[in-house]
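**Student:** One structure coming up, written as structure tokens, with questions to follow.
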Amino acid sequence: MTRSLVEATGLRKTFARSGVWSSKGPAVQAVNGVDLQVHPGETLGLVGESGSGKSTLGRLLLRLIEPDAGALRYDDVDLLACAPGKLRKLRRHFQIIFQDPYGSLNPRMKIGSAIGEPLTIHKLVRNREERKDRVADLLRQVGLDPSAVSRYPHEFSGGQRQRIGIARAIACAPRFIVADEPVSALDAPVQAQIINLLVELQEKLGLAYLFIAHDLRLVKHICDRVAVMYLGRIVESAPADALYSNPRHPYTQALLASTPNPEPGPPTPPQLFGEPASPTRPPAGCTFHPRCPVAEPGCSRQNPRLMETEPGHKVACHLVNPPAE
Amino acid sequence: MDALLRLEDLRVEYPGMDPGRPVRAVDGLSLDLRPAEAYALVGESGCGKSATALAVLRLVEPGRITGGRMFFEGRDLLSLSEKQMREVRGARIGIVFQEASAALNPVMRIGAQIAEALRIHKRLTRRAAWAEAVRLLGVVALSDPERQAKAYPHELSGGMKQRVMMAIALSCSPSLLIADEPTTALDVTIQAQVLELLRQLRKELRLTILLITHDLGVVAENADRVGVMYAGRLVEEAPVQALFESPQHPYTRGLLRSLPARSEKTADRRLPTLPGSVPDPTAPPPGCRFHPRCPEAFEPCASREPQESAPTPSRRVACFLHTEPAGVGRSEGPSR
């Protein structure tokens, strides 16, 4: 097994809710004990519904937010023990692409400055001339005309803004990028263009991606491995082909069967009833058991551990890995 | 069969950034909705599909309907007074929007929001309207409707709010339901529940549905006929099966090809794409609006506008590949 680039062990994050009227609301258990490895140059898909904690996990891996517990290693560095100065220097190696690039671009900053800023901060260019050349080169790499440097974010379409977001993310030659729903807001033809750009950049620059998405079909095309999250936990992870050909967890099976197929035919019946439980009060035992179509009495008692069923294929389900009584 | 809704050469303009150059959101759209069918209008953002839906309700402010005619249940919608139009909205035509939380009043109990429509359109008493609201919440399969009627929108999840929107839209038994991206904001497992409800209601109430969406998966499973829009125009219309099996317009073909679910995973991981992007709606290209991106464009496409033709009696397509003698042989024909 190749050595991992990013390795998280037992990550936990709880957000205390401070209400306006009450001093403290119930805490949201966003990420609840996650182990995850990302290998150099691979794409790991992270899939789950809203509120499953996938975006929080993505931010934890970059230490954009502080975990409550767990360990996080990048290459040989213990990221959680890292001094602020050293962490700042390391940051150029791991970047993020957001779903809404418009929200992440300063509306008053020209595109040239937005992309050039990280180059100056990390002292990757010696002078203005060099910075200008590098920015023009980055714009070309993401399929935009270098004349974009003197324009503002509002002058671009959604797809173009995502290209700008990508140019900024790759400006400092990172090795790991968290792509948080990078194409969810885009129409299918634009989605395909952006996906192809991400694949091309990965080949050229040897990037590793954590690709966060809610569309399992999309993830299939570009991921080496896929992890499925439900209420703060990873319930299944496997090589992409294995996950699609042989999904083991009832939740993964339901997710796959719920996505409408763009082929005319009988409609997809709902696979699950009810809605996910609130992350402020996750159910006891397996958090999926209240919605699970095949749950057994034992499922509400004990929380299933993520266990390997076949090489590389891990499942957290009592029906797949019966608990030792 | 008589159409329930007929749009003839509909044109809608919105003011652009530059006063001299309005956005022509809908630019000569004609279509018929037959009673009890589900018709899906699909296309990318900005193609004019939502503007069409809003035009049917005459809710295009700050834009305006600059041309064409609209007939609904035999009445000319553009000749109605604002008062008469209010009687059509809500009572004869219901609408469900993508953002249920933006459409609901945050400080009003959901039962009262449903009852409001009933009191206005059906002139029910307060008590009768509330009872009917509770019944409707049961119809849209909200659990414990008595209690939920007293809830405020923020106490409900996205899927539940969308059910409330449907209860409001259906409260006065309309004949036409416009569903504008009704499940786009929902997770797939919840989307499946809401779509199932829509199919059930449609069958029970014999509703005609105009479904606006960009999700071709939702279209494939929920529509009888499909109209594909591009830059304000209808480029193709066909029964759902025919559209997916043998798309006739190069844009429809490109749109279908770009869907990850319809292409096999390839070794290089690339998805088939359409080059370029949708045109600036204030200055669409001359000729066929799709020609700058069309892999099959030939001589007439840049200079003249394509006319509609009917490859089979149930289909329409606006493309020179089907009308020009020089084009007919060029088409790559039915393809997947």
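Chains F and X, in that order, are what the protein sequence lines are. Residue numbers for the first sequence follow this note's numbering, beginning at -5 and rising by one. Residue numbers for the second sequence follow this note's numbering, beginning at 52 and rising by one. C-beta atoms are modelled at their ideal positions from N, C-alpha and C, and glycine is treated no differently. Fair warning: this is a prediction, and the values are worked out from it, not measured in the lab.
SER81/X lies in the beta strand (DSSP E); which residues open and close that run?
**Tutor:** First-last of the beta strand (DSSP E) with SER81/X: 74 to 84.
**Student:** Can you tell me which of the three DSSP states SER141/F falls into?
**Tutor:** Residue state, collapsed to three classes: helix.
**Student:** DSSP puts TYR203/F in a beta bridge; with which residues?
**Tutor:** Beta-bridge pairing links TYR203/F to THR37/F and ILE171/F.
**Student:** Could you check whether the Cβ of LEU343/F sits closer than 7 angstroms to any Cβ belonging to chain X?
**Tutor:** This structure gives no information on residue 343/F, because the portion of chain F shown stretches from -5 to 319.
**Student:** Which residues, in chain order, does the region 247 to 260 of chain F contribute to contact with chain X at a C-beta distance below 8 angstroms?
**Tutor:** For the region 247 to 260 of chain F, which is checked against every Cβ of chain X, the residues closer than 8 angstroms are ALA248, LEU249, SER252, THR253, PRO254, ASN255, PRO256, GLU257, PRO258, GLY259 and PRO260.
**Student:** Which residue or residues does DSSP assign as beta-bridge partners of MET301/F?
**Tutor:** Paired residue(s): VAL309/F.
**Student:** Along chain X, in chain order, which residues have C-beta atoms closer than 7 angstroms to that of ASP174/F?
**Tutor:** Those within 7 angstroms of ASP174/F in chain X number zero; the least Cβ separation is about 16 angstroms.
**Student:** Leaving aside the five residues before and after ALA348/X along the sequence, list all residues of the same chain whose C-beta is less than 7 angstroms from its C-beta, in chain order.
**Tutor:** Excluding sequence neighbours, ALA348/X sits near HIS342.
**Student:** What's the C-alpha gap between SER360/X and HIS300/X?
**Tutor:** Approximately 11 angstroms, taken between the alpha carbons.
**Student:** Rounded to a whole number of angstroms, what is the C-alpha to C-alpha distance between ARG387/X and LEU294/X?
**Tutor:** The pLDDT assigned to ARG387/X is 36, lower than 50, so where the model puts this residue is not dependable, and the model offers no usable value.
**Student:** Let me see if you follow: with CB-CB separation under 7 angstroms, is GLU247/X close to chain F or not?
**Tutor:** GLU247/X counts as touching chain F.
**Student:** For GLN371/F, which of TYR96/F, TYR224/F, THR114/F and THR246/F has the nearest alpha-carbon?
**Tutor:** Only positions -5 to 319 of chain F appear in this structure, which leaves residue 371/F out of reach.
**Student:** Just to make sure I have the definition right: I need the residues of chain X whose C-beta is within less than 8 angstroms of the C-beta of GLY153/F. Which are they?
**Tutor:** Ordered by position in chain X, the residues that pass the 8 angstroms Cβ test against GLY153/F are SER328.
**Student:** Answer with buried or exposed for GLU272/X, where buried requires no fewer than 16 other C-beta atoms within 10 angstroms of its C-beta.
**Tutor:** Label assigned to GLU272/X: buried.
**Student:** For ASP62/F versus LYS7/F, is the C-beta distance shorter than 7 angstroms?
**Tutor:** Yes, these two residues count as a Cβ contact at 7 angstroms.
**Student:** Looking at C-alpha atoms only, which residue of LEU199/F, VAL229/F and PRO78/F is the closest neighbour of MET312/F?
**Tutor:** It should be noted that the sequence gives His, not Met, for residue 312/F. When each option's Cα is compared against that of HIS312/F, the closest is VAL229/F.
**Student:** In angstroms with no decimal places, state the Cα-to-Cα distance between THR333/X and VAL184/F.
**Tutor:** Approximately 20 angstroms, taken between the alpha carbons.
**Student:** Taking the beta carbon of SER239/F as the centre, do at least 16 other beta carbons fall within 10 Å, making it buried, or is it exposed?
**Tutor:** Exposed, because fewer than 16 other Cβ atoms sit within 10 Å of the Cβ of SER239/F.
**Student:** Beta carbon of GLY268/X, beta carbon of ALA236/X: below 7 angstroms?
**Tutor:** Against a cut-off of 7 angstroms, the Cβ pair of ALA236/X and GLY268/X comes out as no contact.
**Student:** Is the separation between the beta-carbon of ALA289/X and that of ARG340/X shorter than 7 angstroms?
**Tutor:** Result no, Cβ atoms of ALA289/X and ARG340/X do not sit closer than 7 angstroms.
**Student:** Report the residue from PRO287/F, PRO291/F, ALA271/F and ASN315/F whose alpha carbon sits nearest the alpha carbon of LEU300/F.
**Tutor:** Comparing Cα positions, the closest option is ASN315/F.
**Student:** Apart from the five residues on each side of it in sequence, which residues of its chain come closer than 7 angstroms, Cβ to Cβ, to ARG322/F?
**Tutor:** Look at the range of chain F in this structure, -5 to 319, and you will see that residue 322/F is not part of it.
**Student:** With a 10 Å radius around its C-beta and 16 neighbouring C-beta atoms as the bar for buried, classify LEU134/X as buried or exposed.
**Tutor:** A quick correction: the sequence has Lys, not Leu, at residue 134/X. Exposed: under 16 other Cβ atoms inside 10 Å.
**Student:** Between HIS283/F and ILE146/X, what straight-line distance do the alpha-carbon atoms span, to the nearest angstrom?
**Tutor:** Approximately 36 angstroms between the Cα atoms of the pair.
**Student:** At a CB distance below 8 angstroms, what residues from the region 254 to 280 of chain X approach chain F? Give them in sequence order.
**Tutor:** Residues HIS265, ASP266, LEU267, GLY268, VAL269, VAL270, ALA271, GLU272 and ASN273.
**Student:** Can a CB atom of chain X be found closer than 7 angstroms to the CB of THR281/F?
**Tutor:** No, no contact with chain X.
**Student:** Would ALA271/F and PRO277/F be called neighbours here (beta carbons separated by less than 7 angstroms)?
**Tutor:** Taking 7 angstroms as the Cβ cut-off, ALA271/F and PRO277/F qualify as a contacting pair.
**Student:** Could you give the distance in angstroms between the alpha-carbon of ARG366/X and the alpha-carbon of ALA184/X?
**Tutor:** So the two alpha carbons sit approximately 41 angstroms from each other.
**Student:** Judging by CA-CA distance, which residue of ASP94/F, SER98/F and PRO273/F is the nearest neighbour of GLY47/F?
**Tutor:** Considering only alpha carbons, the answer is PRO273/F.
**Student:** Interface residues of chain F around LYS41/X at Cβ under 9 angstroms?
**Tutor:** Nothing can be reported for residue 41/X, as the shown portion of chain X is limited to 52 through 387.
**Student:** What did DSSP end up calling GLU390/X once you bin it into helix, strand or coil?
**Tutor:** With chain X represented from 52 up to 387, any question about residue 390/X goes unanswered, as that position is not in the structure.
**Student:** Whole angstroms are fine: how far does the CA of ARG170/X sit from the CA of ALA179/X?
**Tutor:** Their Cα atoms are separated by approximately 9 angstroms.
**Student:** Go ahead and pull the three-state DSSP assignment for GLU269/F.
**Tutor:** Correct three-state label for GLU269/F: coil.
**Student:** Tell me, please, whether the region 101 to 118 of chain F touches the region 126 to 141 of chain F by the rule of three or more beta-carbon pairs shorter than 8 angstroms.
**Tutor:** Short answer: they touch.
**Student:** Could you check where the alpha helix (DSSP H) with ALA192/X kicks off and where it finishes?
**Tutor:** Premise fails: ALA192/X is in no alpha helix (DSSP H) and is neither H nor E.
**Student:** Please go through the region 89 to 166 of chain X and give each complete beta strand (DSSP E) segment of 3 or more residues, from N-terminal end onward.
**Tutor:** Fully enclosed beta strand (DSSP E) runs of 3 or longer: 89 to 93, 115 to 123 and 144 to 147.
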